[in-house]
Structures are given as C-alpha cells and as structure tokens.
Amino acid sequence: MISPSDPQSSSTAHSTAATPGAARQSSTSSGSEDANQLIPVRMLNEFTYCPRLGYLEWVQGEWAENIETMEGTFGHRNVDKPDRKSIPARKKSNDNGDRDEVQSDSANGDSIHARSITLSSDADGIVAKLDLLELDGGVATPVDYKRGQVPDNPEQSWEPERVQLCAQGLVLRANGFESSQGVLYYIASKRRVVIPFDDALVARTRELIVQFKQAAAEEQIPPPLEDSPKCPRCSLVGICLPDETNLLRAPEESVPDGNRIRKLLPAKSKALPLYIQHQGAFVGKSGDRVTIKLKGEELASVRLLDVSQVCAYGNVMFSGAVIAELNRRSIPIVHKSYGGWFHGITTGLSHKNVELRIRQFRTADDPEAALTISRQFIAGKIKNCRTLLRRQLGSTDDPVIANLAEYRKRALRADSAETLLGLEGMAAKCYFEKFFPMISGIEHYDVDGRNRRPPRDPVNAVLSFVYSLLTKELTVTLNSVGFDPMLGFLHRPRYGRPSLALDLAEEFRPLIADSVTLMAFNNGEINQDSFIARAGAVALTDAGRKSVIAAFERRMDTEITHPIFGYKVSYRRVLEVQARLLARYLLGEIEEYPGFVTR
Amino acid sequence: MRSVYLIAYDIVCPKRYRKIYKAMCGHGDAVQYSVFRCELSDMELQSLKDQLWPVMNLHQDRVMIVDLGPTEGRGDECIEFWGEPRSLIPDRAATIV
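Those protein sequence lines, which keep their order, are chains C and Z. Position 210, counted from 1, in the first sequence is what this note's numbering calls 210; the numbers after and before it change by one each time, with no gaps. Position 20, counted from 1, in the second sequence is what this note's numbering calls 1020; the numbers after and before it change by one each time, with no gaps.
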C-alpha cells in the first residue's frame, strides 16, 4: 500500500508492524479491527495538543464542549455545509492504473472550491474531513478554518494545526492529488497562513500517527500534562483532572505545600435537579423549556439549560418529545415510586467509555481488589461520622470519639468483607446512639438507633428519605462518569440495587445526609406536622418532603474547601470528582482511592 | 460564571418572529414585550447565537444584546422594575413541584 518513492515509508511500515502487538494486548476486543481503525485527523490535532486529550476523546469516547469548541463550530457554519459539487476522482498513487486517467483530465485547468469533503488514506491510517478544498487541476490545497487570531509566533500557527493540515495533505496525496502546501484560515483575523508540507512536517505527522496508534493499542492512557497552560483552555479538563491526578500520583514527600493545584473546575454546576411529586402531573416540552402541568394548568416551566436531572415520584407522565430532548442533552430522568423507591433511570445511549466499565467489572470480580477499595469507603465513613460528632459535641472527651477512631483503624486492616461490614455495623451503632439525642424540635420518640422498612419514627423517616436522595444522586453521577452503578465492590449486586452508588454513598452519609437531617429538624424546617403516622410506620407528608428535598439541595450546593486539593467546590461537584478519582484508580493511574474525609 | 443579558429584538416577519421567540424562551424570561432577561454562561450565549443566526434576516431584523454583568453582582442589581414584569425571575434553586 505504500508508495516506494515515499521517503517516510519506514515509519509507516513501523505502524503496521505494531499491529500484532495490539492484537496480543487487546484481550477485550478484536485487535486487528482496532489496528484498522482510521484516526480522524481532528483527533490527531487533539493528540498533538495533548496525548491524553487525544486518548480520552478517540479511544475512550469522552467529549465535552467549552466556549472555544462552540465558537469553533459557529465559525465553521459555512464550511460545514457540504456542497453537492462533483469533483472528478484522481488516479490513486497506489493502485496501478485501474482508474481511468481521462477522468482527472476533465478537471485540468478548472479551479474548483469544494466544502466539507471526507476522504481517507488506508496507507496512513487516517481519515480527514476537509473544511475547504481548493483544486486547480491536479493540485489540491486543503484549507482549514480556525476560530482564533493568527498566533503571534514565528510559524504564525500552532503545531497541532499544522499537523492536522499536513495529515489532510497526506490524505489528498493518497487519493492521487498533488498537495505540497495547505492553508490555515484564522476567522478572527480573516487571514490565510500558508503552511508548506516540508519533509520535517510530514515526518512529524507520521511520527505522531504511529505514537497515537501505539497509545491506543497499549490501552494505557497517557499521563496528564504537568502544570501546562494548555489545561485551562481544554474542554475536557473536568474529565481529565490533570493537576489532581498528578498530585495523587506523586510520592508524598515531593509535593510542596498544597498550592500546586490550580482551580480549573467551576465550583458549582449551573444546572440543578427538577423534582416532580404532584400525582398526575404531565411533563412536556415547549421550545427549549420543560413544562409541568396539572389538569391543564401550568405548575412550572424551567429552561432546559437549568435542568441537570428530572426526578419523578409516583404517577408522573412524560411526553415523548421531552424524553427525546432530555436524552439528547444527556439529562437523566429518575423514576421513583411515590414512597421514594428507586425504580429506574432513563438516559440517552449508554456512556462510550467501555474501558472503564471493563476495569470496574474486573475489579469487582477480584475479592482482594474489591476489599482494598471497600476499606477506603468504610474508613472514610467512620472518619466523617467521628468528625460530625466531634463538631456537634464540641469536645473530644467523649469515649465515642476514641472508639470511632479505633474502628476506623481496624477497618483499614480488615481482612475480609464480613469483618469490614461487622466493623461498620459496630461503628454505626455507637455513632447513632450519640446522633439521635442531638435532634430537637420534635416530640421525643425515644429512639436511639436506626430502624427502617418502614421507619417507625420521624427521624428515621427523614434519614431513610435523605439516604434515598443521596443514592439517587450518586447513581446519576456514576452513570454520567461511565460506571455501571449496579455493580459494587462492598455492596454485593442484588436485584435492582445500585450497589456502586451505595458503596460511594458511605463516606458521604454523615457529610451530606445526616447533616441535612440534623439541620432540617434543628432549624425548624420540618416539625410534627411534616409527618403522618400510620399503624406504627411514619412517613413524610408532601410538604415535609418538599422541605427535606430543598434542604438536601441546599446542602449539595454548599461550597466547601476540598481537603486534598484545597480549592472551593460544591458537594455536587465533589461527588463527581470522587467518581472520577475512583475511575482514575481503577484505570491504574493513581495508587490508592482517596476517600473524601473532612477535617 | 453566568451573566445577565438584556436581549431585545425587532423581527419583521411573523414566521421568523415565532422562531426567534421560541429560541429566546429557551434561554431567558420575557420581562417586557420583545425584551428578555437571560442568565447565560458564555457557552449558553453562544448556543443562543447559534439558534438566532440562521433564522434572522439581517436586512430586516434586529437583535440587541446588552451584557449587564455577573449574576451574583451588578447583573442582578441594575434592573429596576415599575409594574410587574411579564414573567417572574426565578431564584437559583432546584425546582420542586
């Protein structure tokens, strides 16, 4: 497939030589199929910008928009519209004249401008979508549109853009055109910069193609860039977590005091959940808004921009249009029974990051590996329980503080899942003995421990309800990060239980759920009237539930200082960061899953 | 993170008006006829422009976009209403119905 006159054929040959290795290492999918995957040249641009970014987008299928990618799309609005011009094909340089020479002659002398053309080169293993192709007889010049200004550097362009353009040139050459230079058009400057495809650039482009294929075949994500000025402008920064990952990878003694972490994530998410608990409500779509109606009367209308998830309790109806639109925007719909039982979740097509799910299943299947993570979940939970008590009691004198510290130490050394669960149970018992008397503003029910199914007193009713909100929140988060929430490490999979969400919930129970319960009672947001007792079982009324959901959502929006990274983030973001760190751990990037514990 | 934008439009043709009005409703709240108050991030503003641009006829229609400043700051304080706005301005909180 390689033209003998090609000076760079050796490096291309190298890439095909790597194929058997790819087939050996890739035990999970067909290796030869992987090797034949054509790399889109846009991905080659990303890989040149940052190898990790190229890997995340192409191999793991991650994608996120930011203002730069959106402005880029807007700037491309004309060249992204394919015209229907017919362009005569050229005789390919690598097939021996089985295409008619005359075809190309008809184009000679004519100059053609064509937009949005997709071509590929099997020899180079790349596929390109050309923004604009300028044809003058057999000479083809690819023109690539770039959103910004002409860079103020000697080359008047950035390397990733040059490599991308050169790859387009290689594709054109493979399709029989003569292509010795390309043009970068900078939209903001309205200027063209001519890039000659010299030997050095062609060699660099081929080298990067080989490296990219190797990284994909080895199934090992390249490390993050270190303290790079590229990161703040990258749309995948929230997925990649460059500084966080680097900090957790570095041996402890090499880390200077805390200030190395840049705050690259927004502290709060813009969109918030939408809860619907009116029985018989109808959820529809009007333009880009979600509307909630009851018997034809509008209860609320929310911009889709403001919705992060929709939670429906009991008998709530959805129109097909709203379901399709929510799916398209990757906004999940959580379905619960009126009583709060988790029935299911409606999402768009499942997450593309298959690699992560494979590692999750492998780890869950290995009892030793599963136990290692489970220890962190439980130790984190006990530590956070202890912190809550210490703050509320205002002293460390109480024996329970020392007991919890001891349970935590033993949890970290637990040699089996049963021991771990036993320790968790004992810690929970002595924790709740102290927790229940802290609650005021409610007629004394004389409870000193958890009871459930159904809860028999108001405090347990609220705890159960808030735990279900937390589990829901983590299920949604884990799903969006690419996990299967149903398969856990500590909680064994059982029918209909989101076990991984329950695992990750452990460390957040005291921080989010217990503290919401404590505040909702002690601030008087809920009182005796918020409950209904039926034959010994106690449940929240509609109004009571609304107050508890509001308190929970306020807590999720509260900003705290991250104990490891030192920046301010909301709990909602913390859940996402923890899920992503768990992913980093499972993918072998960091040594230990760092449980989230406050001081 | 988000800023408040005051966006007003004159659209000549009823068919285009309808489309512009719908796009505007998805991005903000009508405070007067043809005047919207929109809380948007830079990406959301771009997505609004993406929607308005192909619909408008720039020879006949007009859109004005005024950046009033960050939501938690000037953007929230600099509007004074006399009479009731056409729709209420929502709080930043989860919607529970």
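Just so it is clear, CB atoms sit at the ideal spot from N, CA and C, and this is done for glycine as well.
I think C:A281 touches C:V310, with their Cβ atoms under 8 Å apart; what is that distance to the nearest whole Å?
-> Position 281 of the first sequence, counting from 1, holds the residue named residue 281 of chain C. Position 310 of the first sequence, counting from 1, holds the residue named residue 310 of chain C. The pair is not a contact, with the Cβ atoms about 11 Å apart (cut-off 8 Å).
Please name the residue in C:R249, C:V459, C:F436 whose C-alpha comes closest to that of C:L581.
-> Residue 581 of chain C sits at position 581 when you count from the first residue of the first sequence. For the residues C:R249, C:V459, C:F436, the minimum Cα distance to C:L581 belongs to C:R249.
Every unbroken alpha helix (DSSP H) inside the stretch 288-340 of chain C [4 residues or more] = 320-328
Express the C-alpha separation of C:V237 and Z:E1080 in angstroms, rounding to a whole number.
-> Here residue 1080 of chain Z is taken as the residue at index 80 of the second sequence, counted from 1. Here residue 237 of chain C is taken as the residue at index 237 of the first sequence, counted from 1. C:V237 has its alpha-carbon roughly 39 Å from the corresponding atom of Z:E1080.
Alpha carbon to alpha carbon, how far is C:D306 from Z:I1020? Give it in angstroms, no decimals.
-> Within the second sequence, numbered from 1, the residue matching residue 1020 of chain Z stands at position 20. Within the first sequence, numbered from 1, the residue matching residue 306 of chain C stands at position 306. When rounded, the distance between both Cα atoms is 20 Å.
Within 8 Å (strictly less), CB to CB, does Z:K1022 reach chain C?
-> Position 22 of the second sequence, counted from the start, is the residue given in the question as residue 1022 of chain Z. It does: the Cβ of Z:K1022 has a partner Cβ on chain C nearer than 8 Å.
In chain C, what lies closer than 7 Å to Z:D1042 by C-beta?
-> Within the second sequence, residue 1042 of chain Z is the residue found at index 42, counting from 1. Within 7 Å Cβ-Cβ: I67.
How about C:Y275 and Z:A1093: are their beta carbons less than 8 Å apart?
-> Translated into the one-based positions of the first sequence, residue 275 of chain C becomes position 275. Translated into the one-based positions of the second sequence, residue 1093 of chain Z becomes position 93. Contact flag unset, no.
When the distance is taken between beta carbons, is C:L225 closer than 8 Å to C:T48?
-> Counted from its first residue, the first sequence places residue 48 of chain C at position 48. Counted from its first residue, the first sequence places residue 225 of chain C at position 225. No; because the gap between Cβ atoms is not below 8 Å, this pair is not in contact.
Can you tell me whether DSSP reads C:P437 as helix, strand or coil?
-> In the first sequence, the residue the question calls residue 437 of chain C occupies position 437. C:P437: helix per DSSP, three-state reduction.
Are C:I382 and C:A427 close, meaning C-beta to C-beta below 8 Å?
-> As a first step, residue 382 of chain C is located in the first sequence; it is residue number 382 there, counting from the start. As a first step, residue 427 of chain C is located in the first sequence; it is residue number 427 there, counting from the start. Yes, Cβ-Cβ distance for C:I382 and C:A427 is below 8 Å.
How would you write the range of the beta strand (DSSP E) that C:C240 sits in, first residue to last?
-> Locating residue 240 of chain C in the first sequence gives position 240, counting from the first residue. Per DSSP, C:C240 lies in no beta strand (DSSP E); the unbroken alpha helix (DSSP H) holding it starts and ends at 237-240.
Euclidean distance between Cα positions of C:D529 and C:T541 | Start at 1 with the first residue of the first sequence, and residue 529 of chain C comes out as number 529. Start at 1 with the first residue of the first sequence, and residue 541 of chain C comes out as number 541. Their Cα atoms are separated by approximately 8 Å.
Opening and closing residue of the beta strand (DSSP E) in which C:A354 lies | Within the first sequence, numbered from 1, the residue matching residue 354 of chain C stands at position 354. Correcting the residue type first, residue 354 of chain C is Val in the shown sequence and not Ala. It is not in any beta strand (DSSP E) - C:V354 instead sits in the alpha helix (DSSP H) that spans 354-365.
Cβ atoms of C:L38 and C:S120: under 8 Å apart, would you say?
-> Here the question's residue 120 of chain C lines up with position 120 in the first sequence. Here the question's residue 38 of chain C lines up with position 38 in the first sequence. Yes, the Cβ-Cβ distance between C:S120 and C:L38 is below 8 Å.
Rounded straight-line distance, which links the Cα of C:E62 to that of C:P160 | The sequence position of residue 160 of chain C within the first sequence is 160, counting from 1. The sequence position of residue 62 of chain C within the first sequence is 62, counting from 1. Whole-angstrom Cα-Cα distance: 19 Å.
Spatial neighbours of Z:L1068 in its chain, beta-carbon cut-off 8 Å, leaving aside the 5 residues before and after = Stepping through the second sequence from its first residue, residue 1068 of chain Z is reached at position 68. For Z:L1068, where only same-chain residues beyond five positions count, the Cβ hits under 8 Å are S1003, V1004, Y1005, L1006, R1074, G1075, C1078, I1079.
Taking all protein chains shown into account, decide if C:R52 is buried (16 or more other Cβ within 10 angstroms of its Cβ) or exposed.
-> Numbered from its first residue, the first sequence carries residue 52 of chain C at position 52. With 16 or more Cβ atoms within 10 Å of its Cβ, C:R52 is classed as buried.
C:T28 to C:V459, Cα distance in whole Å?
-> Against the first sequence, residue 28 of chain C aligns to sequence position 28. Against the first sequence, residue 459 of chain C aligns to sequence position 459. Confidence at C:T28 is low in this model, with a pLDDT of 41, below 50, so its placement is unreliable and the value that follows should be read with caution. When rounded, the distance between both Cα atoms is 48 Å.
State the start and end residues of the unbroken alpha helix (DSSP H) segment that holds C:L582.
-> Sequence index remark: in the first sequence, residue 582 of chain C carries index 582 (1-based). Taken as a continuous stretch (DSSP letters only), the alpha helix (DSSP H) holding C:L582 covers 571-586.
By the criterion of Cβ-Cβ separation under 9 Å, what are the contact partners of C:Y567 in chain Z?
-> Your numbering for residue 567 of chain C matches position 567 in the first sequence. Within chain Z, no C-beta atom comes nearer than 9 Å to that of C:Y567; the closest sits roughly 15 Å away.
Could you tell me the boundaries of the beta strand (DSSP E) in which C:I117 lies?
-> Reading the first sequence from its first residue, position 117 is the one you call residue 117 of chain C. Unbroken beta strand (DSSP E) run through C:I117: 111-121.
Tell me, please, whether the CB atom of C:M519 is closer than 8 Å to any CB atom in chain Z?
-> By one-based count along the first sequence, residue 519 of chain C stands at place 519. No, C:M519 does not count as interfacial toward chain Z.
Inter-stretch contact at 8 Å, needing at least 3 Cβ pairs: the stretch 198-208 of chain C / the stretch 160-178 of chain C = yes
Cβ-based neighbour list, C:A107, same chain, cut-off 7 Å, excluding 5 preceding and 5 following = Counted from its first residue, the first sequence places residue 107 of chain C at position 107. Per-residue confidence for C:A107 stands at a pLDDT of 44, beneath the threshold of 50, marking its modelled position as unreliable; no derived number is given.
Mind listing the chain C neighbours of Z:S1034? Cutoff is C-beta to C-beta under 8 Å, in chain order.
-> For this step, residue 1034 of chain Z is matched to residue 34 along the second sequence. Result: empty, since nearest Cβ-Cβ is about 16 Å, beyond 8 Å.
Could you check which residue in C:V143, C:A217, C:S228, C:A216 has the C-alpha nearest to that of C:F197?
-> Indexing the first sequence from 1 puts residue 197 of chain C at position 197. If we check each option's Cα against that of C:F197, C:V143 comes out closest.
Any contact of the stretch 502-516 of chain C with the stretch 555-575 of chain C, i.e. 3+ C-beta pairs under 8 Å?
-> yes
Going by other Cβ atoms of all chains shown within 10 Å of its Cβ, with 16 needed for buried, is C:N384 buried or exposed?
-> To locate residue 384 of chain C, count along the first sequence from 1; it is residue 384. Buried.
Counted within 10 angstroms of its Cβ, other Cβ atoms place C:W58 as buried (16 or more) or exposed = In the first sequence, counting from the first residue as 1, residue 58 of chain C sits at position 58. Buried, because 16 or more other Cβ atoms sit within 10 Å of the Cβ of C:W58.
Counting only runs of 3+ residues fully inside the stretch 164-222 of chain C, write out the beta strand (DSSP E) ranges in chain order.
-> Fully enclosed beta strand (DSSP E) runs of no fewer than 3 residues occupy 181-186, 191-196 of the stretch 164-222 of chain C, in order along the chain.
Going by the CB atoms, is the gap between C:I345 and C:N479 shorter than 8 Å?
-> Taking the first residue of the first sequence as position 1, residue 479 of chain C is located at position 479. Taking the first residue of the first sequence as position 1, residue 345 of chain C is located at position 345. Their beta carbons are under 8 Å apart, which means C:N479 touches C:I345 by this criterion.
For C:G602, name the three-state secondary structure that DSSP assigns.
-> There is simply no residue 602 of chain C to check, as chain C begins at 1 and stops at 599 in what is shown.
Do C:I261 and C:F565 have their C-beta atoms closer together than 8 Å?
-> Taking the first sequence and counting its residues from 1, one reaches residue 261 of chain C at position 261. Taking the first sequence and counting its residues from 1, one reaches residue 565 of chain C at position 565. Taking 8 Å as the Cβ cut-off, C:I261 and C:F565 qualify as a contacting pair.
Under the three-state reduction of DSSP, which class applies to Z:C1038: helix, strand or coil?
-> Residue mapping note: residue 1038 of chain Z aligns to position 38 of the second sequence, counting from 1. Looking at Z:C1038 - three-state DSSP - the assignment turns out to be strand.
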